[in-house]
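K.L.:
First, the structure itself, so that you have it in front of you.
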Amino acid sequence: MGLPPTFVIKAGQTLWNSLWQTMMGSLAPSDAQGGYQRPASGFRYGVGADSNSGLSAESGRYRLIVGRSCPWAHRTLVVRALKGLEGAISVTWAIADPSVGGWRLSQAFEGCETLPDLYKRVSPNYNGRATVPVFWDDERRTIVNNESADIIQILNGQFNSFATHSSLDLYPVEQRELCDRWNKLIYETVNNGVYRCGFAQSQSAYEKACDDLFKTLDLIEATLNNSPYLCGNQLTLADVRLFPTLIRFDLVYFHLFKCSRKRIYDYPNLWNYLRDFYSQPGIPETCDLPGIKQDYYQSLFPLNPGGIVPLGPDLDHMLSQIS
Ligand SMILES: N[C@@H](CCC(=O)N[C@@H](CS)C(=O)NCC(=O)O)C(=O)O
117 MGLPPTFVIK AGQTLWNSLW QTMMGSLAPS DAQGGYQRPA SGFRYGVGAD SNSGLSAESG
177 RYRLIVGRSC PWAHRTLVVR ALKGLEGAIS VTWAIADPSV GGWRLSQAFE GCETLPDLYK
237 RVSPNYNGRA TVPVFWDDER RTIVNNESAD IIQILNGQFN SFATHSSLDL YPVEQRELCD
297 RWNKLIYETV NNGVYRCGFA QSQSAYEKAC DDLFKTLDLI EATLNNSPYL CGNQLTLADV
357 RLFPTLIRFD LVYFHLFKCS RKRIYDYPNL WNYLRDFYSQ PGIPETCDLP GIKQDYYQSL
417 FPLNPGGIVP LGPDLDHMLS QIS
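Numbering (this note's numbering), first residue to last: 117 to 439.
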């Protein structure tokens with residue numbers, strides 16, 4: 117004789133809810149209202165003339181440690197590609213490994229198999245998250261910086277002597293104020309906004325995040341009526357910061373993070389803007405579309421316990437369509 121279905125359902129719900137709360141608590145720390153709180157980055161040294169770290173910009177000395185699915189790491193790869201720094205800054209890949217509950221290094225590095233081990237090697241008392249991207253100094257064998265917002269500034273401004281496209285300035289003096297304003301809004305409501313939707317632990321926190329997100333997307337759509345990029349006629353770091361979230365949006369965030377009011381495909385200007393950015397030289401090589409989907413759907417266990425990766429959408433095909 118089987119158990120009554122109502123009992124099974126109730127027991128399952130209670131068990132799953134408490135497991136979900138526990139897992140979400142460690143995956144995504146939240147405030148009292150159930151809103152996602154992103155932890156601060158721990159390593160914030162600069163490089164070059166105007167930093168106080170004493171670290172000089174040199175070719176072949178630094179590397180980026182990145183993962184293919186991480187949007188924060190992606191922005192550093194984008195600046196490396198746009199500036200033509202492939203010859204000066206190397207890349208070490210970290211692999212999302214659900215069994216490690218974080219990043220495994222693609223091959224042992226500094227005697228470490230995983231990124232948490234590498235962080236501990238550098239700083240034994242470090243108790244923050246072992247996140248990518250990491251800007252690593254091969255000479256002193258330590259982490260210089262693990263905050264993508266800093267790393268893209270460093271790559272844009274400090275390595276021009278080794279950059280193939282050294283005249284490209286993604287943070288021009290005359291656009292800085294506008295760029296900073298976009299950066300703040302885009303960080304809070306779009307880059308981190310999609311995570312605030314996906315990692316929300318209450319209905320109200322989710323709805324607030326979702327409203328904020330689509331309000332900003334609507335504003336960007338209107339802005340792109342009058343200018344090709346966020347700050348006018350030239351690409352800036354504000355566009356660089358927006359792109360990794362846009363390219364993941366229809367692929368992952370729409371479904372997995374419940375950012376489902378509209379797709380980027382449904383915004384004519386944003387969709388053209390995304391296609392334009394994607395067609396810049398070197399950019400498609402920074403986008404592993406199937407890999408992004410696989411990592412998100414298989415690694416964020418509490419959001420997708422079955423680990424099933426959806427087949428659609430065929431973003432690569434959609435991006436290459438002639439409009
Ligand atoms: N503030 C960091 C955030 C980076 C971040 O959250 N990276 C995620 C991947 S998308 C990560 O490595 N998470 C691993 C973990 O939390 O254990 C930055 O922008 O550089």
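All C-beta atoms in this analysis are idealised placements derived from N, C-alpha and C, irrespective of residue type, glycine included.
1) Does the structure place the region 301-316 close enough to the region 145-155 that three or more beta carbon pairs sit under 8 Å?
2) Quick check: residue 353 and residue 268, are their CB atoms within less than 8 Å of each other?
3) Cβ of residue 313 within 7 Å of any heavy atom in ligand 1?
4) With distance defined between alpha-carbon atoms, name the residue in 316, 334, 400 nearest to residue 374.
5) Assuming residue 133 is part of the alpha helix (DSSP H), what are its boundary residues?
6) Going by the beta-carbon positions, is the gap between residue 162 and residue 244 smaller than 8 Å?
7) Would you mind stating whether residue 85 and residue 181 have Cβ atoms separated by less than 8 Å?
8) In terms of residues, what are the limits of the beta strand (DSSP E) holding residue 229?
9) Can you pull the DSSP bridge partners for residue 481?
10) Mind reading off the beta-carbon distance from residue 411 to residue 237? Whole number of angstroms is fine, and I expect it under 8 Å.
11) Could you give the uninterrupted runs of the alpha helix (DSSP H) lying entirely in the region 379-419, keeping only those of 4 residues or more?
12) Near residue 145, what residues of its chain come up, given a Cβ to Cβ distance below 6 Å and the 5 sequence neighbours on each side ignored?
13) Just reading off the alpha helix (DSSP H) that residue 432 is part of, what are its end residues?
14) Less than 8 Å separating the beta-carbons of residue 226 and residue 256?
15) Are the beta-carbon atoms of residue 406 and residue 190 separated by less than 8 Å?
16) For residue 212, which residues in the same chain have their Cβ closer than 7 Å to its Cβ, ignoring the five residues on either side in sequence?
17) Residue ranges of each beta strand (DSSP E) run of no fewer than 3 residues wholly in the region 285-340, ordered along the chain?
18) Distance, Cα to Cα, residue 292 vs residue 404?
19) Can you give the Cα-Cα distance for residue 175 and residue 132, rounded to whole angstroms?
20) Measuring CA to CA, which of 274, 148, 388, 434 is closest to residue 166?
21) Is it a yes or a no for the region 316-328 touching the region 379-388, going by three-plus beta-carbon pairs under 8 Å?
22) Do residue 379 and residue 307 have their beta-carbon atoms positioned less than 8 Å apart in this structure?
23) Is residue 138 near ligand 1, going by C-beta to nearest heavy atom under 7 Å?
24) Can you give me the C-alpha to C-alpha distance between residue 323 and residue 345, rounded to a whole angstrom?
25) How close, in whole Å, do the beta carbons of residue 286 and residue 198 come, if the pair is a contact with beta carbons under 8 Å?
26) Who are the Cβ neighbours of residue 280 in its own chain at under 7 Å, not counting the five residues just before and after it?
27) Give me the residue from 423, 119, 216, 270 with the minimum Cα distance to residue 169.
28) Can you give me the Cβ contacts of residue 299 inside the same chain, cut-off strictly under 8 Å, excluding the 5 residues immediately before and after it?
29) Return yes when at least one heavy atom of ligand 1 lies under 7 Å from the C-beta of residue 441, else no.
P.N.:
Quick look at the numbers:
1) yes
2) Looking up residue 353 in the sequence shown gives position 237. Looking up residue 268 in the sequence shown gives position 152. Yes, these two residues count as a Cβ contact at 8 Å.
3) Working through the sequence shown from its first residue, we reach residue 313 at position 197. Checking every heavy atom of ligand 1 against the Cβ of residue 313, none is found closer than 7 Å.
4) Working through the sequence shown from its first residue, we reach residue 374 at position 258. Considering only alpha carbons, the answer is 316.
5) For the purposes of this step, residue 133 is taken as the residue at position 17 of the sequence shown. Counting along the chain, the alpha helix (DSSP H) containing residue 133 begins and ends at 121-143.
6) Counting from one through the sequence shown, the residue named residue 162 turns up at place 46. Counting from one through the sequence shown, the residue named residue 244 turns up at place 128. Cβ atoms of residue 162 and residue 244: not closer than 8 Å.
7) The requested residue 85 does not occur in the structure, where the chain is confined to residues 117 to 439.
8) Position 113 of the sequence shown, counted from the start, is the residue given in the question as residue 229. That run of the beta strand (DSSP E) goes 228-230.
9) Summary: the structure shown does not reach residue 481, with the chain confined to residues 117 through 439, and so no result is reported for it.
10) One-based indexing of the sequence shown puts residue 411 at position 295. One-based indexing of the sequence shown puts residue 237 at position 121. At roughly 24 Å, the Cβ-Cβ gap does not stay under 8 Å, so residue 411 and residue 237 are not in contact.
11) 384-394, 405-415
12) Walking along the sequence shown from the start, residue 145 turns up at place 29. If we look at residue 145 and ignore the five residues flanking it on each side, its Cβ neighbours are 153.
13) Position 316 of the sequence shown, counting from 1, holds the residue named residue 432. First-last of the alpha helix (DSSP H) with residue 432: 431-436.
14) Position 110 of the sequence shown, counting from 1, holds the residue named residue 226. Position 140 of the sequence shown, counting from 1, holds the residue named residue 256. Judged by their CB atoms, residue 226 and residue 256 are not nearer to each other than the 8 Å cut-off.
15) Reading the sequence shown from its first residue, position 290 is the one you call residue 406. Reading the sequence shown from its first residue, position 74 is the one you call residue 190. No; because the gap between Cβ atoms is not below 8 Å, this pair is not in contact.
16) Residue numbering aside, residue 212 sits at position 96 when the sequence shown is read from its first letter. For residue 212, where only same-chain residues beyond five positions count, the Cβ hits under 7 Å are 183, 185, 219, 411, 415.
17) none
18) Along the sequence shown, read from residue 1 onward, the residue named residue 292 stands at position 176. Along the sequence shown, read from residue 1 onward, the residue named residue 404 stands at position 288. For residue 292 and residue 404, the gap between their C-alpha atoms comes out near 31 Å.
19) Start at 1 with the first residue of the sequence shown, and residue 175 comes out as number 59. Start at 1 with the first residue of the sequence shown, and residue 132 comes out as number 16. The alpha-carbon atoms of residue 175 and residue 132 are separated by roughly 51 Å.
20) Walking along the sequence shown from the start, residue 166 turns up at place 50. Closest by alpha carbon: 274.
21) no
22) Here residue 307 corresponds to residue number 191 of the sequence shown, with the count starting at 1. Here residue 379 corresponds to residue number 263 of the sequence shown, with the count starting at 1. Result no, Cβ atoms of residue 307 and residue 379 do not sit closer than 8 Å.
23) As a first step, residue 138 must be located in the sequence shown, where it is residue number 22. False, no ligand heavy atom lies under 7 Å from that Cβ.
24) Along the sequence shown, read from residue 1 onward, the residue named residue 323 stands at position 207. Along the sequence shown, read from residue 1 onward, the residue named residue 345 stands at position 229. One C-alpha to the other measures close to 29 Å.
25) The residue labelled residue 286 in the question sits at position 170 within the sequence shown. The residue labelled residue 198 in the question sits at position 82 within the sequence shown. With 8 Å as the limit, residue 286 and residue 198 qualify as a contact, their Cβ atoms being about 7 Å apart.
26) Numbered from its first residue, the sequence shown carries residue 280 at position 164. Once the five neighbours on either side are set aside, the close Cβ partners of residue 280 are 200.
27) Along the sequence shown, read from residue 1 onward, the residue named residue 169 stands at position 53. Selected option, being the one with the closest Cα: 270.
28) By one-based count along the sequence shown, residue 299 stands at place 183. Only 265, 353, 354, 357 meet the Cβ criterion.
29) The requested residue 441 is not part of the displayed model; the chain covers only 117 to 439.
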